[in-house]
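First comes the structure, then the notes that go with it.
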Amino acid sequence: MRFHFFTVEALTPTAGETELNAFCAQHRIASVDKQFVDQGAHSYWLFCLTTVDGNGAERSSGSGKRGRIDYREVLSETDFAVYADLRELRKTMAEQEGVPMYALFTNEQLAEMVTRRATSMAALGEIDGVGKARIEKYGKYFLPVLGKAFADAPASTNAPPARPAAKG
């Protein structure tokens, strides 16, 4: 896994968007964290992309579908164990409700719960695609698993480093 950082200026995003899109087209992206940094006229978006070793050509099968991610390779052994527990819980709940597993949470969302060390309703809400309804319905079941796993671990912060003020 590798981390790559990009900034996209809020007022003139074209150059940053072009660079970011070109990078995404060439790499296998495991996760994306984004943060808006309000600096007035110098505001920007900060993106942290986590890539899986290898390039985009390896994931392209010609079918147009997203490449499958092997979370055993992406997550640490400890994190993968928590991820596996979350998947088992999701499977059980989906069977009880008679719905597909992805209707609760996707594999990507489960992995992000683990990597972000999400131990609160607010932290779940920061995950892309996890809305208020899912949090209210399923958070009370998933948070105890995460809380037990990460009781001693510090919460992950996704705040970007402070950007120095422009001199002028």
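According to our numbering, the sequence shown is numbered sequentially starting from 23. Here a beta-carbon is modelled for each residue, glycine too, at the ideal position from N, C-alpha and C.
task: State the DSSP-derived secondary structure class of Asn77, mapped to helix, strand or coil.
output: Within the sequence shown, residue 77 is the residue found at index 55, counting from 1. Low per-residue confidence applies at Asn77: pLDDT is 44, beneath 50, and the placement is therefore not dependable, though the value from the model is reported in the following sentence. Asn77: strand per DSSP, three-state reduction.
field: Cutoff 6 Å; reference Phe28; Cβ partners in own chain excluding five residues on either side
entry: By 1-based counting over the sequence shown, the position of residue 28 is 6. Counting only Cβ-Cβ distances below 6 Å, and skipping sequence neighbours, we find Leu42 and Phe69.
- prompt: Since Ala140 and Leu146 are thought to touch, with beta carbons under 8 Å apart, how far apart are those beta carbons, to the nearest angstrom?
  reply: Taking the sequence shown and counting its residues from 1, the one referred to as residue 140 is at position 118. Taking the sequence shown and counting its residues from 1, the one referred to as residue 146 is at position 124. Indeed, because the Cβ distance is near 5 Å, the residues count as touching under 8 Å.
field: Pair within 7 Å by beta-carbon distance, Phe25 and Thr72
entry: By one-based count along the sequence shown, residue 25 stands at place 3. By one-based count along the sequence shown, residue 72 stands at place 50. Against a cut-off of 7 Å, the Cβ pair of Thr72 and Phe25 comes out as a contact.
- request: Quick one: grab the DSSP three-state call for Phe25.
  value: Here residue 25 refers to the residue found at position 3 of the sequence shown. DSSP places Phe25 in strand when its eight states are reduced to three.
message: How far does the alpha helix (DSSP H) with Phe102 in it extend, from its first residue to its last?
response: Against the sequence shown, residue 102 aligns to sequence position 80. Glu99 to Glu119 is the span of the alpha helix (DSSP H), which, as asked, contains Phe102.
query: Using a Cβ-Cβ cut-off of 7 Å (strictly less than) and excluding sequence neighbours within five positions of Ile91, which residues of its own chain qualify?
result: In the sequence shown, counting from the first residue as 1, residue 91 sits at position 69. Correct list, in chain order: Ala52 and Val74.
message: Is the beta carbon of Val104 closer than 7 Å to that of Ala171?
response: Locating residue 171 in the sequence shown gives position 149, where the first residue counts as 1. Locating residue 104 in the sequence shown gives position 82, where the first residue counts as 1. For Ala171 and Val104, yes; Cβs fall inside 7 Å.
As assigned by DSSP and simplified to three states, the class of Phe127: Mapped onto the sequence shown, residue 127 falls at position 105. In the structure shown, Phe127 sits in coil (DSSP, three-state: anything other than H, G, I, E or B).
field: Ala155 versus Glu130 - alpha carbon distance
entry: Your numbering for residue 155 matches position 133 in the sequence shown. Your numbering for residue 130 matches position 108 in the sequence shown. Distance between the alpha carbons of Ala155 and Glu130 is about 18 Å.
task: Determine, using beta carbons only, whether Val167 and Asp101 come nearer to each other than 7 Å.
output: Along the sequence shown, one-based indexing puts residue 167 at 145. Along the sequence shown, one-based indexing puts residue 101 at 79. No, these two residues do not count as a Cβ contact at 7 Å.
query: Who are the Cβ neighbours of Gly169 in its own chain at under 6 Å, not counting the five residues just before and after it?
result: Position 147 of the sequence shown holds residue 169. Only Thr141 meet the Cβ criterion.
- prompt: Considering only residues of the same chain and omitting the five flanking positions on each side of Asp15, which have a CB-CB separation below 6 Å?
  reply: Only positions 23 to 190 of the chain appear in this structure, which leaves residue 15 out of reach.
field: Own chain, CB closer than 6 Å to Ala32, minus 5 neighbours either side, in chain order
entry: The residue labelled residue 32 in the question sits at position 10 within the sequence shown. These residues qualify, in order along the chain: Ser65 and Tyr66.
field: Inter-residue Cα distance where the pair is Phe45 and Glu134
entry: The residue labelled residue 45 in the question sits at position 23 within the sequence shown. The residue labelled residue 134 in the question sits at position 112 within the sequence shown. Their Cα atoms are separated by approximately 21 Å.
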